[in-house]
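Asker: Numbered by UniProt numbering, the letters in the sequence shown go through residues 1 to 403 in order. Ideal Cβ positions, reconstructed from N, Cα and C, are used throughout, including at glycine. Let me give you the structure first, and then I'll get to my questions.
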Amino acid sequence: MGAHSTDIAPAGLSERSGILHPREGDARRIEAYLPSPCVQNHAANIAVLGNGDLAIVWFGGTQEGIPDISAYFSRLPQGGERWSAPVKLSDDPARSEQNPVLFTTPAGELWLIWTAQISGNQDTALVRKRVSHDHGLTWGPIETLFEAPKGHGLFVRQPPVVLDNGDWVIPVFHCVSVPGAKWVGDHDISAVRVSSDAGKSWTEHVVPGSTGCVHMNVLKTGDGLLALYRSRWADFIYASRSSDGRNWTAPEPTALPNNNSSIQATVLTDGRIALVFNHSSAADATDRRTGLYDDIEDEEGATPQAEAVPAPAATHRTAFWGAPRAPMTLALSSDGGRSWPVMRDLETGDGFCMTNNSKDQLNREFSYPSITQTPDGALHIAFTYFRRAIKYARVAPDWVAET
Numbered sequence: 001m002g003a004h005s006t007d008i009a010p011a012g013l014s015e016r017s018g019i020l021h022p023r024e025g026d027a028r029r030i031e032a033y034l035p036s037p038c039v040q041n042h043a044a045n046i047a048v049l050g051n052g053d054l055a056i057v058w059f060g061g062t063q064e065g066i067p068d069i070s071a072y073f074s075r076l077p078q079g080g081e082r083w084s085a086p087v088k089l090s091d092d093p094a095r096s097e098q099n100p101v102l103f104t105t106p107a108g109e110l111w112l113i114w115t116a117q118i119s120g121n122q123d124t125a126l127v128r129k130r131v132s133h134d135h136g137l138t139w140g141p142i143e144t145l146f147e148a149p150k151g152h153g154l155f156v157r158q159p160p161v162v163l164d165n166g167d168w169v170i171p172v173f174h175c176v177s178v179p180g181a182k183w184v185g186d187h188d189i190s191a192v193r194v195s196s197d198a199g200k201s202w203t204e205h206v207v208p209g210s211t212g213c214v215h216m217n218v219l220k221t222g223d224g225l226l227a228l229y230r231s232r233w234a235d236f237i238y239a240s241r242s243s244d245g246r247n248w249t250a251p252e253p254t255a256l257p258n259n260n261s262s263i264q265a266t267v268l269t270d271g272r273i274a275l276v277f278n279h280s281s282a283a284d285a286t287d288r289r290t291g292l293y294d295d296i297e298d299e300e301g302a303t304p305q306a307e308a309v310p311a312p313a314a315t316h317r318t319a320f321w322g323a324p325r326a327p328m329t330l331a332l333s334s335d336g337g338r339s340w341p342v343m344r345d346l347e348t349g350d351g352f353c354m355t356n357n358s359k360d361q362l363n364r365e366f367s368y369p370s371i372t373q374t375p376d377g378a379l380h381i382a383f384t385y386f387r388r389a390i391k392y393a394r395v396a397p398d399w400v401a402e403t
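In structure tokens form, the structure reads like this:
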């Protein structure tokens with residue numbers, strides 16, 4: 001993955017002006033680094049708002065797992081040329097607030113949904129929300145959407161989906177505690193929370209055989225519902241299917257690699273699926289980490305499940321952390337996600353991610369992509385750049401097939 005380095009990134013990363021500009025040598029690609037006051041910026045989600053504006057939310061602060069991590073929001077007005085200065089939308093002094101997503105309800109409300117955990121313990125996470133009635137200009141109070149189940153943390157990463165029958169489906173994953181050990185992701189499972197009354201009440205439906213499959217990304221395709229998953233084992237992207245949003249087939253590996261990092265896909269207006277992911281896996285790694293948060297200390301009083309208690313010997317598959325988070329690849333499928341014959345890299349590099357520490361500028365990952373399409377056909381993508389900035393890119397679908 002390359003030796004440690006303080007590689008100098010493009011000038012725009014330092015400036016983070018939010019101004020759109022053509023990529024050097026590729027006039028068909030428009031890009032920008034979003035403005036942010038934070039040392040670390042990660043886990044973007046991009047969405048088209050009800051008024052036609054684009055919005056990106058992400059988490060920013062000192063470092064993932066530290067309580068100064070909060071959710072931020074930036075807007076690109078329809079037809080605009082500059083992303084707005086970010087607005088902080090959460091600020092819990094005791095919890096690290098992560099993985100924000102946006103959801104426009106059928107009634108036109110804009111929901112912000114995110115997680116809040118104690119230190120690096122994802123098995124303490126609960127899910128919160130705020131609601132806007134004016135496309136994100138103002139926001140209501142912070143509420144708890146889902147409490148953490150006993151012995152589990154509950155996480156989100158992907159946006160909710162409204163089914164044809166009006167049901168709302170929020171994909172979640174359980175970060176499962178193991179007595180005598182800190183959370184590292186070995187036992188995480190996926191589920192959906194389903195509401196038939198516009199978010200007033202919810203039922204949970206666990207995806208069978210989903211241990212190690214997280215970040216469930218639910219897509220409405222021409223032949224039913226498709227879910228794509230990140231793999232804790234850093235082997236492949238996994239997929240499962242459903243006809244009703246509640247009952248899912250067990251996830252099975254696809255032909256695409258995964259590096260235990262996030263992916264996201266969207267269904268295009270022509271029925272194709274566009275997917276953004278890291279085309280890498282554990283097979284590309286020369287080293288590994290013991291866990292996601294092995295470079296931060298628990299906050300005093302965090303009471304993780306295993307203070308100074310040795311972890312039990314592993315008798316199961318273990319999560320793989322540290323596989324390169326590069327390249328960042330855009331792929332298209334014309335057969336409902338069964339094959340991906342057309343791909344093109346958005347970014348290339350060594351993807352070094354053996355640390356989450358953004359202060360020392362050692363991390364060189366491209367990760368946690370998000371993608372959407374606007375009515376004009378353009379694809380809009382946001383992703384983490386070196387854990388220091390959120391980068392935005394706009395391309396046409398046929399850009400992927402160019403050589």
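1) State the DSSP-derived secondary structure class of E15, mapped to helix, strand or coil.
2) Excluding the 5 residues preceding and the 5 following V162 in the sequence, name in chain order all residues of the same chain whose CB lies nearer than 7 Å to its CB.
3) Ignoring anything shorter than 3 residues or poking outside the region 260 to 299, list the beta strand (DSSP E) runs there in chain order.
4) Hey, would you say Y238 sits closer than 8 Å to P257, going by beta carbons?
5) Can you say whether L137 is buried or exposed, counting buried as having 16 or more other CB atoms within 10 angstroms of its CB?
6) Look at the Cβ atom of A47, then the Cβ atom of A55, and state whether they are nearer than 8 Å.
7) Given a threshold of 16 other Cβ atoms within 10 Å of its Cβ, counted over all protein chains shown, does G301 qualify as buried or as exposed?
8) Could you check what DSSP says for V184 in three-state terms: helix, strand or coil?
9) Can you name the start and end residues of the beta strand (DSSP E) that H380 belongs to?
10) Bridge partners of C175, per DSSP?
11) I need the boundaries of the beta strand (DSSP E) containing S240, first residue and last residue.
12) Contact check, F386 vs N363 under 8 Å by CB: the rounded distance?
13) Along the beta strand (DSSP E) that carries S195, what are the first and last residues, could you check?
14) In angstroms with no decimal places, state the Cα-to-Cα distance between D235 and S367.
15) Compute the Euclidean distance between the alpha carbons of I263 and G180, then round it to the nearest angstrom.
16) List in chain order: all unbroken beta strand (DSSP E) runs of 3+ residues lying wholly within the region 18 to 103.
17) Kindly indicate the opening and closing residues of the beta strand (DSSP E) around Q361.
18) Taking only the alpha-carbon atoms, compute the straight-line gap between C23 and V206 and give it to the nearest angstrom.
19) Starting from the Cα of V400, find the closest Cα among H380, N51 and R388 and give me that residue.
20) Hey, how far is the Cα of D123 from the Cα of G79?
21) For R246, does the three-state DSSP call read helix, strand or coil?
22) For W399, name the three-state secondary structure that DSSP assigns.
23) Anyone know if the C-beta pair for A255 and S240 falls short of 8 Å?
24) Can you round the beta-carbon distance between S74 and S84 to whole angstroms, since I take them to be within the 8 Å contact cut?
25) Does DSSP put K391 in a helix, a strand or coil?
26) Report the partner residues of T144 according to the DSSP bridge assignment.
27) Report yes if the C-beta distance between P160 and N217 is below 8 Å; otherwise report no.
28) Here's the rule I'm using: 16 or more other beta-carbon atoms within 10 Å means buried, otherwise exposed. How should T144 be labelled?
29) Below 8 Å CB to CB, which residues in the same chain sit around T221 once its five sequence neighbours on both sides are set aside?
30) Taking the straight line between their C-alpha atoms, what separation do you get for E402 and V178?
31) Is DSSP giving K200 helix, strand or coil here?
32) Determine the extent of the beta strand (DSSP E) in which A319 is found, giving its start and end residues.
33) Counting only the same chain and skipping the five closest in sequence on each side, list residues whose C-beta sits under 6 Å from that of G52.
34) Using the Cβ count rule (16 or more neighbours within 10 Å means buried), how would you classify E147?
35) Can you give me the Cβ contacts of A331 inside the same chain, cut-off strictly under 6 Å, excluding the 5 residues immediately before and after it?
36) Could you check the C-alpha separation between P375 and L76 for me, to the nearest Å?
Answerer: To lay it out plainly:
1) Your numbering for residue 15 matches position 15 in the sequence shown. In the structure shown, E15 falls within a helical segment according to DSSP collapsed to helix, strand and coil.
2) Stepping through the sequence shown from its first residue, residue 162 is reached at position 162. Excluding positions up to five away in sequence, the list reads P106 and W168.
3) 264 to 267 and 273 to 278
4) For the purposes of this step, residue 238 is taken as the residue at position 238 of the sequence shown. For the purposes of this step, residue 257 is taken as the residue at position 257 of the sequence shown. Cβ atoms of Y238 and P257: not closer than 8 Å.
5) Numbered from 1 along the sequence shown, position 137 holds the residue referred to as residue 137. Classification of L137: exposed, given that the 10 Å Cβ count is below 16.
6) Stepping through the sequence shown from its first residue, residue 47 is reached at position 47. Stepping through the sequence shown from its first residue, residue 55 is reached at position 55. Cβ atoms of A47 and A55: closer than 8 Å.
7) On the sequence shown, position 301 is the one that residue 301 refers to. With a pLDDT of only 41 at G301, under 50, the local geometry of the prediction cannot be trusted, and the value read off the model is given with reservation. The residue in question, G301, is exposed, as its Cβ has fewer than 16 Cβ neighbours within 10 Å.
8) Counted from its first residue, the sequence shown places residue 184 at position 184. It is coil, neither helix nor strand.
9) Locating residue 380 in the sequence shown gives position 380, where the first residue counts as 1. Its beta strand (DSSP E) spans residues L379 to Y385.
10) Along the sequence shown, read from residue 1 onward, the residue named residue 175 stands at position 175. Bridge partners of C175: G153.
11) Taking the first residue of the sequence shown as position 1, residue 240 is located at position 240. Where S240 is concerned, the enclosing beta strand (DSSP E) stretches over F236 to S242.
12) Translated into the one-based positions of the sequence shown, residue 386 becomes position 386. Translated into the one-based positions of the sequence shown, residue 363 becomes position 363. Confirmed, Cβ separation roughly 6 Å.
13) In the sequence shown, counting from the first residue as 1, residue 195 sits at position 195. Element bounds for S195: I189 to S195.
14) The residue you call residue 235 lines up with position 235 of the sequence shown. The residue you call residue 367 lines up with position 367 of the sequence shown. Roughly 16 Å separates the two Cα atoms.
15) As a working mapping, residue 263 is identified with position 263 in the sequence shown. As a working mapping, residue 180 is identified with position 180 in the sequence shown. Rounded to whole angstroms, I263 to G180 spans 31 Å at the Cα level.
16) 21 to 23, 26 to 33, 40 to 48, 54 to 61 and 70 to 76
17) Residue mapping note: residue 361 aligns to position 361 of the sequence shown, counting from 1. No beta strand (DSSP E) holds Q361; DSSP gives it neither H nor E.
18) Mapped onto the sequence shown, residue 23 falls at position 23. Mapped onto the sequence shown, residue 206 falls at position 206. Cys is not the amino acid found at residue 23; the sequence shown has Arg there. As the crow flies, the alpha-carbon of R23 is around 43 Å from that of V206.
19) Position 400 of the sequence shown holds residue 400. Nearest C-alpha to V400: H380.
20) Here the question's residue 123 lines up with position 123 in the sequence shown. Here the question's residue 79 lines up with position 79 in the sequence shown. Cα to Cα, the separation comes out at about 42 Å.
21) Taking the first residue of the sequence shown as 1, we reach residue 246 at position 246. It is coil, neither helix nor strand.
22) As a first step, residue 399 must be located in the sequence shown, where it is residue number 399. Helix at W399.
23) For the purposes of this step, residue 255 is taken as residue 255 along the sequence shown, with counting starting at 1. For the purposes of this step, residue 240 is taken as residue 240 along the sequence shown, with counting starting at 1. Cβ distance not < 8 Å, so A255 and S240 don't count as in contact.
24) What you label residue 74 is simply residue 74 of the sequence shown in a count that begins at 1. What you label residue 84 is simply residue 84 of the sequence shown in a count that begins at 1. 5 Å between Cβ atoms; contact.
25) For this step, residue 391 is matched to residue 391 along the sequence shown. DSSP places K391 in strand when its eight states are reduced to three.
26) For the purposes of this step, residue 144 is taken as the residue at position 144 of the sequence shown. Its beta-bridge partners are R128.
27) Position 160 of the sequence shown holds residue 160. Position 217 of the sequence shown holds residue 217. Their beta carbons are not under 8 Å apart, which means P160 does not touch N217 by this criterion.
28) Here residue 144 corresponds to residue number 144 of the sequence shown, with the count starting at 1. By the 10 Å Cβ count, T144 comes out exposed.
29) Taking the sequence shown and counting its residues from 1, the one referred to as residue 221 is at position 221. Counting only residues of its own chain and dropping the five nearest sequence neighbours on each side, T221 has a CB closer than 8 Å to the CB of V267, G271, I273, G336 and G337.
30) Taking the sequence shown and counting its residues from 1, one reaches residue 402 at position 402. Taking the sequence shown and counting its residues from 1, one reaches residue 178 at position 178. Distance between the alpha carbons of E402 and V178: 48 Å.
31) Start at 1 with the first residue of the sequence shown, and residue 200 comes out as number 200. Here K200 sits in coil by DSSP.
32) Residue mapping note: residue 319 aligns to position 319 of the sequence shown, counting from 1. Note, A319: premise wrong, no beta strand (DSSP E); not H, not E.
33) One-based indexing of the sequence shown puts residue 52 at position 52. Closer than 6 Å at Cβ, skipping near neighbours: Q78.
34) One-based indexing of the sequence shown puts residue 147 at position 147. With fewer than 16 Cβ atoms within 10 Å of its Cβ, E147 is classed as exposed.
35) For the purposes of this step, residue 331 is taken as residue 331 along the sequence shown, with counting starting at 1. L275, W340 and M343, listed in sequence order.
36) Residue mapping note: residue 375 aligns to position 375 of the sequence shown, counting from 1. Residue mapping note: residue 76 aligns to position 76 of the sequence shown, counting from 1. One C-alpha to the other measures close to 15 Å.
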